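Residue numbering for the sequence shown follows this note's numbering, beginning at -2 and increasing consecutively.
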Amino acid sequence: MEQTVFPMRSGVLQATTVKILGRILLLIGVWLYACADPSPDDKALRQDTLTQRQQDSIIGASKLPGARAVQRALDVADSASARTIPLDSLIR
């Protein structure tokens, strides 16, 4: 006669196992739903209202380490943009 680690008594163990597995699956489902990405509408509501340029400008004006480098990069970008405006008008 074979001995089993978990003796079956009229399916009580099987029913209990099914209940436990069902609850675990339910908890996993609830956890996945809670951790899921929000809908695109929610993402739009959470986005900052400042553009990247405005954020960089605020950092450049601050006294944070590296703020001068950010400000210089913005100045270089502005001068490059100012140089391309007359060229764009010549092409058109």
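Just so it is clear, CB atoms sit at the ideal spot from N, CA and C, and this is done for glycine as well. Computed from a prediction, not measured in an experiment: that's the story for all the values here.
Please state the DSSP three-state secondary structure of residue i.
i	result
Lys16	helix
Leu61	coil
Asp85	helix
Leu47	coil
Ala33	coil
Tell me whether residue i counts as near the ligand MG, meaning its Cβ is closer than 7 Å to at least one heavy atom of that ligand.
i	result
Gln49	In the structure shown, the ligand MG is absent, as is every other ligand, since no ligand is present at all.
Taking 8 Å as the threshold (C-beta atoms), are residue j and residue i in contact?
i	j	result
Gly57	Leu47	no
Asp53	Val73	no
Whole angstroms is fine: what's the gap from residue i's alpha carbon to residue j's?
i	j	result
Cys32	Leu22	15 Å
Leu83	Ala64	The sequence given here has Pro at residue 83, not Leu. Using only the alpha carbons, I get a separation of about 30 Å.
Gln51	Leu61	16 Å
Ala77	Arg69	12 Å
Determine, using beta carbons only, whether residue i comes closer than 8 Å to chain B.
i	result
Trp28	The structure shown contains no chain B, having only a single protein chain.
Which same chain residues end up closer than 6 Å to residue i when comparing Cβ atoms and leaving out the 5 residues on each side of it in sequence?
i	result
Tyr30	none
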